[in-house]
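Trainee:
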Amino acid sequence: MSGTASDPASGPVPGITDRALGTTGLRVPALVLGTAGLGRKVDEPTAAEVLRAAAAAGWRTWDTSNEYGDAEARIGSALDGLADVQVLTKADPLPGSADFSGDRVRASVAESLERLRLDRLPLVHLHDPERISFDDAMAPDGPVRALLDLRDAGTIEHLGVAGGPIGLLRRYVRTGEFEAVVTHNRLTLLDRSAETLLEDCAERGIGVLNAAPFGGGALADDDGPVRSYHYRDADAAQRDAVLRIREIARAAGVPVGALAVRASVRDPRVAATIVGVSSTAQLAQVTAWAAIPVPDDVWPDLDAALPDPAHWAGELGR
């Protein structure tokens, strides 16, 4: 089986159309299913239910990783009986080790193929390259060379990089070896520090997948305490910005979660937005949010609600 699997019972997410992923030739829906929670947080029957519901709702590109627990194996099981589902995965070090060598990456891809029950992969990302030095990653025996060899052999069709620090991702993008990039938590209603990366990608025809538009949950809630952002305790500037965003959302009659999704989806530089869900209820909620129209005059108000860009110049920054 190749990297996609065809079931006639499918349809587009309302209001969401497929887009080109850079110059790869791949097309992706504006919403891509993130599966980390399906491999780590829920049992197998729940994961299978969510995957089936996602395919039926039009979420037919799934983002996963070698290190997302049981996600790849559960996806492999779910692909039986489905078609036209596209799976994008990531190459990772050996769990519990710092081994991010070329040999390890080849093994990671082989493991992914076996779990997913596929014979080739449309797109594999070098995952969280901040775990290795740039020089080691680009070395002749390093993970990038191994992935390029796998691409040349046809085992993977396209190569991407997925990580956090924007400056590091820009460095990989500028090598000319990568065709896609995943950025997370840095293109949201609170943080625009990925702007420079998006500019680099647009200039080079590199496809952008924007993950975690809710910043770990803070931007999916219309009320309640603002305790965290990007999986860390929220600071005063972040809390104040969330409260401003909620006021704008209430005035517009639009849920905060819908603003977060639509802000990413409307950006022409973003091919797709990766949203992780762990229940069919969450899937239905995000699908509904994606179809909610947002008045044009809301976007300038949201821009004005952003924290000072200098706020993002530290660990989460450029």
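Numbering (UniProt numbering), first residue to last: 1 to 318. Think of the CB as a built atom: it goes at the ideal place given N, C-alpha and C, for glycine as much as any other residue.
1. Is the CB-CB distance between Ser278 and Val42 below 7 Å?
2. Can you look up Val144 in the DSSP assignment and give me helix, strand or coil?
3. List the endpoints of the continuous beta strand (DSSP E) containing Val182.
4. Checking 7 Å against the spacing of the C-beta atoms, do Gly207 and Leu21 come in under that value?
5. Note down the Cα distance separating Ile248 from Leu159, rounded to an integer number of angstroms.
6. Check whether the Cβ atoms of Val298 and Ala252 sit closer than 7 Å, and answer yes or no.
7. In angstroms, rounded to a whole number, what distance separates the CA positions of Arg60 and Ala146?
8. Please state whether DSSP places Tyr231 in a helix, a strand or coil.
9. Helix or strand or just coil, what does DSSP make of Asp80?
10. Could you have a look at Leu159 and say whether DSSP puts it in helix, strand or coil?
11. When DSSP labels each residue in this structure, what does Thr61 get in the three-state scheme?
12. What are the complete alpha helix (DSSP H) segments, minimum 4 residues, inside the segment 204 to 282?
13. Could you check which residue in Phe178, Arg269, Asp223, Gln238 has the C-alpha nearest to that of Thr24?
14. What residue from Gly69, Leu79, Thr46 has the CA that sits closest to Trp62's CA?
15. What first and last residue would you give for the alpha helix (DSSP H) that runs through Pro300?
16. Just to confirm the assignment, what range does the beta strand (DSSP E) spanning Ala20 have?
17. Can you tell me whether Asp222 is buried or exposed? The criterion is at least 16 other CB atoms within 10 Å of its CB, across all chains shown.
18. Can you give the Cα-Cα distance for Arg74 and Asp128, rounded to whole angstroms?
19. Suppose you measure from the CA of Leu150 to the CA of Arg250; what does that come to, to the nearest Å?
20. Determine the direct distance from the alpha carbon of Asp70 to that of Leu94, and round the result to whole angstroms.
21. According to the neighbour-count rule (16 or more other Cβ atoms, all chains shown, within 10 Å of its Cβ), is Asp191 buried or exposed?
22. Please name the residue in Gly215, Asn66, Ala234 whose C-alpha comes closest to that of Ser264.
23. Compare the C-alpha of His125 against each of Thr46, Val182, Leu113 and name the closest.
24. Where Val254 and Gly81 are concerned, what is the direct C-alpha to C-alpha distance, given to the nearest angstrom?
Mentor: Inspection of the coordinates gives the following:
1. Yes, the pair counts as a contact, with Cβ atoms nearer than the cut-off.
2. helix
3. 180 to 184
4. Yes, these two residues count as a Cβ contact at 7 Å.
5. Roughly 39 Å separates the two Cα atoms.
6. yes
7. Across the structure, Arg60 and Ala146 are spaced so that their CA atoms are roughly 28 Å apart.
8. coil
9. coil
10. strand
11. Reduced to three states, the DSSP call for Thr61 is strand.
12. 236 to 252, 256 to 265
13. Phe178
14. It is Leu79.
15. 298 to 305 is the extent of the alpha helix (DSSP H) around Pro300.
16. 18 to 20
17. exposed
18. 23 Å
19. 50 Å
20. 15 Å
21. buried
22. Gly215
23. Val182
24. 37 Å
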